[in-house]
Structures are given as C-alpha cells and as structure tokens.
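Chemist: Chains as they are written, first to last, in my numbering: chain A, 266 to 466; chain B, 30 to 224.
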Amino acid sequence: MWRCEQFKEELPQYVADGEPASPYYRALRAHLASCPSCQEELQRLRWVEEALRCWPKVPAPSALLERVMQAIVEQPHSVRMQERWQPLTWEVWVPALAVLAGLMIAVFSLPPHLLNAPVAVPGEEASQLWARDLASWESWLEGHREIVGTVWNGVFAALAVFGIGFALASWDALGREWWKEVERYFADLGNQVRLFFRRIH
Amino acid sequence: MVSDPLAELVARCQEGDVAAFRELVQKTQDEVYNLAYRVLGNSQEAEDIVQEVYLRVWRALPGFRGEARFSSWLYRITLNACLNRRRELRTQLHVLDAEEALEQLAAPAHENPVELAIEHERKASLWRAVSRLPRKYRLVLTMFYQQQLSYKEIAEHLALPLGTVKAHLNRARRALAGLLRRKREKKSEDKDVAV
Ligand SMILES: [Zn+2]
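1. Can you have a look at B:H186 and say buried or exposed, based on whether 16 or more other CB atoms are within 10 angstroms of its CB?
2. Between which two residues does the alpha helix (DSSP H) harbouring B:A184 extend?
3. Cα-Cα, which of B:G92, B:T107, B:A153 is closest to B:Q80?
4. Quick check on this structure: which residue in A:V416, A:Y290, A:Q271, A:V280 has the alpha carbon closest to the alpha carbon of A:R309?
5. Can you find a C-beta in chain B that's less than 8 angstroms from the C-beta of A:V333?
6. Give the C-beta separation of B:A256 and B:Y166 to the nearest angstrom, bearing in mind that I take them to be a contact with Cβ-Cβ under 8 angstroms.
7. If we cut at 8 angstroms on Cβ distances, does B:Q55 have a partner in chain A?
8. Please go through the same chain and pick out, in chain order, the residues whose beta-carbon is closer than 7 angstroms to the beta-carbon of A:C269, but skip the five residues on each side of it.
9. With a CB to CB cut of under 8 angstroms and the five nearest residues on each side skipped, what residues in its chain are close to B:F93?
10. Check distances from the C-beta atoms of the stretch 316-329 of chain A to those of chain B and list, in chain order, the residues that come in under 9 angstroms.
11. Using a Cβ-Cβ distance under 8 angstroms, would B:L35 count as near chain A?
12. Assign B:H149 to buried or exposed, taking buried as 16 or more other Cβ atoms, counted over all protein chains shown, within 10 Å of its Cβ.
13. Going by CA-CA distance only, name the one from B:V159, B:Y104, B:S32, B:L53 that's closest to B:E182.
14. Quick check: the stretch 66-86 of chain B against the stretch 313-330 of chain A, are at least 3 beta-carbon pairs closer than 8 angstroms?
15. Could you tell me which chain B residues have their CB closer than 8 angstroms to the CB of A:L310, listed as they occur along the chain?
16. Give a yes or no on whether the minimum CB-CB distance between B:Q73 and chain A is below 8 angstroms.
17. Which residue spans inside the stretch 33-89 of chain B form an unbroken alpha helix (DSSP H) run of at least 4?
18. Under 8 angstroms between C-beta atoms, does B:Q80 make it to chain A?
19. Checking contacts by CB at 8 angstroms: is A:P277 closer than that to chain B?
20. Alpha helix (DSSP H) containing A:S392: first to last residue?
21. Are there 16 or more other CB atoms within 10 angstroms of the CB of A:W417, so buried, or fewer, so exposed?
22. Please list the terminal residues of the continuous alpha helix (DSSP H) segment that includes B:L168.
23. Span of the alpha helix (DSSP H) holding A:E315?
24. Assign A:W250 to one of two classes, buried (16 or more other C-beta atoms within 10 Å of its C-beta) or exposed (fewer than that).
25. Take the Cβ of B:G45 as the centre, count every other Cβ of all protein chains shown within 10 Å, and call the residue buried at 16 or more, exposed below.
26. Classify A:Q351: buried if its beta carbon has 16 or more other beta carbons within 10 angstroms, exposed otherwise.
27. What distance in whole Å lies between the Cβ atoms of B:V159 and B:L170, which are believed to be in contact at a cut-off of 8 angstroms?
28. Whole angstroms are fine: how far does the CA of A:V413 sit from the CA of A:W405?
29. Taking 7 angstroms as the cut-off, is the CB of A:S302 close to at least one heavy atom of ligand 1?
30. Counting only beta-carbon atoms, is A:E448 nearer than 8 angstroms to chain B?
31. Could you tell me the alpha carbon to alpha carbon distance between A:L399 and A:I370, rounded to whole angstroms?
32. Write down the C-beta distance between B:E52 and B:Q176 rounded to the nearest angstrom, noting that I regard them as a contact closer than 8 angstroms.
33. Would you check whether ligand 1 has a heavy atom nearer than 7 angstroms to the C-beta of B:F50?
34. Which value, in whole angstroms, describes the spacing of the CA atoms of A:L362 and A:G430?
35. For ligand 3, is there a heavy atom less than 7 angstroms away from the beta-carbon of A:V280?
36. Under 8 angstroms between beta-carbons, which chain B residues line up against A:V313? List them in chain order, please.
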C-alpha cells in the first residue's frame with residue numbers, strides 16, 4: 266500500500282510531462298499495469314490536466330484601459346516632470362556647478378595678500394583687523410576693476426557654454442528630442458490648468 | 030541584454046510618450062488583470078490593482094534598464110501588488126468550502142455529442158474549484174497554466190526553489206483529482222442507498 270502512495274505522488278508530474286516513455290518512469294509504468302487504484306488516479310489526473318490546459322483567462326474589462334490612462338494623465342505635474350528629468354539629474358549638477366562657480370569667482374576676485382593669513386599688529390582688536398582687511402580688499406578691487414570684471418565675464422561665459430553643452434549632450438545621449446519635451450511640458454501645463462479649473466468647479 | 034518584443038515601445042514610454050504607454054497597457058493589461066483576478070478572486074479588487082500597477086510602472090519606467098524582459102518586470106510588480114493587497118484583504122474575505130464548487134464534477138462521463146456541453150460545464154466546475162484552493166496553489170496554477178510560465182520562471186518570480194514549485198503544482202493537481210474522486214464516491218454511495 267505504501268508503494269501505491271509513493272507512485273501516486275509521482276503521477277501528477279508524469280501526467281503533466283505528457284506521460285513520457287523515459288526510463289525514469291519505468292517502475293511507475295510497471296506498477297500502473299497491475300494496479301487498478303493507481304489507474305483510476307491516472308484517469309482523474311488526466312482529466313484535471315486537460316481541464317487546466319484549457320482554463321480560460323479572464324480578459325480585462327473594456328473600460329479598464331481608459332481608467333488606467335486617466336490615472337496616468339492626472340498624476341501631479343511635479344511627479345511627471347521629475348520622472349522625465351531624472352536621468353539628467355539637473356537637481357544635482359546645476360546647484361553643484363553654481364556653488365563651484367561661486368567659489369571660483371570668490372577665489373579669483375580675492376586680493377592676493379588675503380589668501381595668506383592676516384598678520385595682527387600687537388594690541389590691535391579683532392574688529393580693527395577685519396576693518397583693515399576689508400579696506401585693503403576694497404582698495405585692491407578699485408585698483409583692479411578691469412581684471413575682476415574680465416574674470417567674472419570669463420567664468421560666466423565658460424559656465425554657460427559648459428552647462429548648455431552638457432545638457433545637449435545628455436539629451437542627445439538619451440535620444441530625446443527637445444521640441445517633444447517642450448511640447449510635453451506645455452501639454453502638462455495645460456493639463457494642470459484643466460485640473461485646477463475642474464477642482465474649483 | 031535580453032531581446033524583448035516590447036523593447037521599442039518601452040523605450041518610447043521611458044521618454045514620457047503617453048500614447049506609447051497606452052499601447053503598452055493595451056498589450057499587457059489582460060495578463061496583469063488575469064493574474065490579479067486569480068490571486069484576489071474579485072473583479073473590483075483586480076481592477077484597482079491593475080490601475081495601481083500601471084501607475085507604479087509609469088513612475089518606475091525611467092529606472093527600468095532592461096536587464097530583464099519588460100514582461101517579467103511587469104509581472105513582478107503585479108505579483109507584489111497583488112500579494113500585498115491580498116495580505117490586507119485576508120481578514121476580510123470569507124473562505125469558501127472547496128467542495129462547494131464541485132457539485133457537478135461527479136457527473137457521469139459523456140458518451141454522446143449532446144454531453145459536450147456537460148463536459149464543458151464540468152471543466153468550468155473544476156476552474157471554479159481552483160479559485161477555492163489555497164492561495165499558493167492557485168498562484169502556481171495560474172502562472173503555469175494561464176500565464177504559461179516555465180517552472181524556472183515561476184521559481185524566480187516567487188523566489189522559491191524549483192522543487193517547491195513543482196511540489197506545489199503536483200499537490201494542487203492531486204487536490205483537484207482528490208476532490209473529483211470524493212465527489213464520485215459520494216454520488217455512488219447515494220445511488221447505493223437509493224437502490
Ligand atoms: Zn497503485
């Protein structure tokens with residue numbers, strides 16, 4: 266009897282595999298030939314297998330597509346924009362470049378003697394020290410107005426070229442078409458306006 | 030990189046193309062809905078889950094790098110959403126008796142063409158019986174017979190060993206055959222009493 270139970274454990278896989286003639290199932294086939302109980306189980310499993318093979322899927326209701334698309338379109342603008350710009354990570358590199366540019370401008374505009382530690386004259390107060398430094402820095406700026414202006418302009422121009430170039434390169438690498446992006450931006454904007462009016466109605 | 034029949038459409042969706050996404054939903058919604066319906070056993074719940082799944086997909090698409098087929102990725106998202114929802118619902122849903130659905134399973138084997146309809150009705154009873162099996166059986170049966178996934182794919186999706194997947198399937202098949210047997214025995218006992 267326990268051997269029967271063992272064979273019955275094997276039966277579902279045997280049926281599901283299409284009752285193969287492999288040596289693996291030789292003992293099972295020999296047992297089946299002489300065991301009515303296992304033959305009955307085989308018949309039932311064959312029927313179950315056949316019924317499961319033609320088990321129909323439940324199709325999605327026809328209105329579901331519109332419902333899903335409505336939900337997609339009505340997502341908050343900020344979420345959709347965030348998704349779109351994510352690969353460019355503007356949020357990261359724009360502020361980073363701004364900080365870098367600020368540091369560069371500050372360093373370039375500093376009078377050279379301020380890059381060295383200020384030397385305090387004995388008896389001088391801290392505030393007096395700062396006032397002296399500020400005054401000397403202002404007079405240095407006065408004296409080098411043109412150099413400072415050139416550095417400012419140069420840094421700005423380089424930054425603009427670098428920023429625009431970087432953005433275009435990223436855009437191109439992602440296969441984006443800028444007019445499509447602009448189009449979508451305005452479509453989003455229009456959608457937000459529509460939603461706003463619907464909400465206040 | 031896996032070759033993916035949906036790759037081109039997916040790429041367009043990643044650029045934020047809503048029309049492409051619509052096409053993608055249209056092409057994949059039946060699979061998603063069917064799985065949700067089989068796991069949750071309720072059309073309203075299934076519709077809610079389908080909407081949730083596609084919203085998640087839309088949000089996560091820019092991060093989809095195509096390491097796996099899109100359909101596998103979608104499948105995983107659907108499955109997770111369904112199982113989470115199922116966990117929430119578990120206490121609310123009442124469990125139906127498995128044998129309740131098997132009333133017609135013990136009908137005698139058909140011998141003439143008229144009984145083809147009866148045969149179909151018997152199969153329908155079996156399909157209904159599946160929906161009343163424990164969830165883990167229902168899930169593997171749906172994945173194997175309806176989504177036509179291989180044992181290996183099911184094992185990957187459910188993070189189970191291959192042997193466990195086969196064992197679940199075999200136990201489910203035996204359970205269905207067992208219900209069939211019990212019904213037939215019950216019918217023949219009734220007949221004996223009547224005689
Ligand atoms: Zn036997």
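In this text, a Cβ means the ideal position worked out from N, Cα and C, and glycines have one as well.
Modeler: This is what the structure gives:
1. Reading the second sequence from its first residue, position 157 is the one you call residue 186 of chain B. Classification for B:H186: buried.
2. Within the second sequence, numbered from 1, the residue matching residue 184 of chain B stands at position 155. Here the alpha helix (DSSP H) through B:A184 covers 180-187.
3. The sequence position of residue 80 of chain B within the second sequence is 51, counting from 1. Selected option, being the one with the closest Cα: B:T107.
4. Position 44 of the first sequence, counting from 1, holds the residue named residue 309 of chain A. A:R309 has its Cα closest to that of A:V280, out of A:V416, A:Y290, A:Q271, A:V280.
5. If you number the first sequence from 1, residue 333 of chain A lands on position 68. Judged by the 8 angstroms Cβ criterion, A:V333 is in contact with chain B.
6. Any answer about residue 256 of chain B is impossible in this case: the structure gives chain B only from 30 up to 224.
7. Within the second sequence, the letter at position 26 stands for residue 55 of chain B. Judged by the 8 angstroms Cβ criterion, B:Q55 is in contact with chain A.
8. Here residue 269 of chain A refers to the residue found at position 4 when the first sequence is read from its first residue. Closer than 7 angstroms at the Cβ level, and outside the excluded window around A:C269, lie C300, S302, C303.
9. Residue mapping note: residue 93 of chain B aligns to position 64 of the second sequence, counting from 1. Contacts found: V39, Q43, F99, W102.
10. Residues passing the 9 angstroms Cβ filter: A316, L317, R318, C319, W320, P321, K322, V323, P324, A325, P326, A328, L329.
11. For the purposes of this step, residue 35 of chain B is identified with residue 6 of the second sequence, where counting begins at 1. B:L35 does not count as touching chain A.
12. For the purposes of this step, residue 149 of chain B is identified with residue 120 of the second sequence, where counting begins at 1. Under this definition B:H149 is an exposed residue.
13. Here the question's residue 182 of chain B lines up with position 153 in the second sequence. Nearest of B:V159, B:Y104, B:S32, B:L53 to B:E182, Cα basis: B:Y104.
14. yes
15. Here residue 310 of chain A is taken as the residue at index 45 of the first sequence, counted from 1. Chain order gives the chain B residues near A:L310 as R202, R203, A206, where near means a beta carbon separation below 8 angstroms.
16. For the purposes of this step, residue 73 of chain B is taken as residue 44 along the second sequence, with counting starting at 1. Not closer than 8 angstroms to any Cβ of chain A, the Cβ of B:Q73 fails to qualify, so no.
17. 36-43, 47-69, 72-89
18. Stepping through the second sequence from its first residue, residue 80 of chain B is reached at position 51. Nearest CB-CB separation between B:Q80 and chain A: below the 8 angstroms threshold.
19. For the purposes of this step, residue 277 of chain A is identified with residue 12 of the first sequence, where counting begins at 1. Yes - at least one Cβ of chain B is within 8 angstroms of the one on A:P277.
20. As a working mapping, residue 392 of chain A is identified with position 127 in the first sequence. Start and end: 391-408.
21. Here residue 417 of chain A refers to the residue found at position 152 of the first sequence. Burial call: exposed.
22. The residue you call residue 168 of chain B lines up with position 139 of the second sequence. First-last of the alpha helix (DSSP H) with B:L168: 164-170.
23. The residue labelled residue 315 of chain A in the question sits at position 50 within the first sequence. It spans 301-318 - the alpha helix (DSSP H) in which A:E315 sits, taken as one unbroken run.
24. Any property of residue 250 of chain A remains undetermined from this structure, which presents chain A solely from 266 to 466.
25. Residue 45 of chain B sits at position 16 when you count from the first residue of the second sequence. So B:G45 counts as buried.
26. Taking the first sequence and counting its residues from 1, the one referred to as residue 351 of chain A is at position 86. Any reading at A:Q351 must be qualified, since the residue scores a pLDDT of 48, below 50, and its modelled position is unreliable; the value itself is stated next. By the 10 Å Cβ count, A:Q351 comes out exposed.
27. As a position in the second sequence, residue 170 of chain B is number 141, starting the count at 1. As a position in the second sequence, residue 159 of chain B is number 130, starting the count at 1. Correct: roughly 6 angstroms between the Cβ atoms.
28. Locating residue 405 of chain A in the first sequence gives position 140, counting from the first residue. Locating residue 413 of chain A in the first sequence gives position 148, counting from the first residue. Near 10 angstroms, if we compare the C-alpha coordinates of A:V413 and A:W405.
29. Mapped onto the first sequence, residue 302 of chain A falls at position 37. Result yes, Cβ under 7 angstroms from ligand 1.
30. Residue numbering aside, residue 448 of chain A sits at position 183 when the first sequence is read from its first letter. So no, A:E448 is outside the interface.
31. Walking along the first sequence from the start, residue 399 of chain A turns up at place 134. Walking along the first sequence from the start, residue 370 of chain A turns up at place 105. Going by C-alpha positions, A:L399 is about 17 angstroms away from A:I370.
32. The residue labelled residue 52 of chain B in the question sits at position 23 within the second sequence. The residue labelled residue 176 of chain B in the question sits at position 147 within the second sequence. Not quite, the Cβ-Cβ distance comes to about 21 angstroms (not below 8 angstroms), so this is no contact.
33. Taking the first residue of the second sequence as 1, we reach residue 50 of chain B at position 21. No, the Cβ of B:F50 stays beyond 7 angstroms of every heavy atom of ligand 1.
34. On the first sequence, position 97 is the one that residue 362 of chain A refers to. On the first sequence, position 165 is the one that residue 430 of chain A refers to. CA-CA distance, A:L362 to A:G430, rounds to 13 angstroms.
35. Of the ligands one can find in the structure shown, namely ligand 1, none is ligand 3.
36. Against the first sequence, residue 313 of chain A aligns to sequence position 48. Residues of chain B passing the Cβ test: L155, R202, L205, A206, L209.
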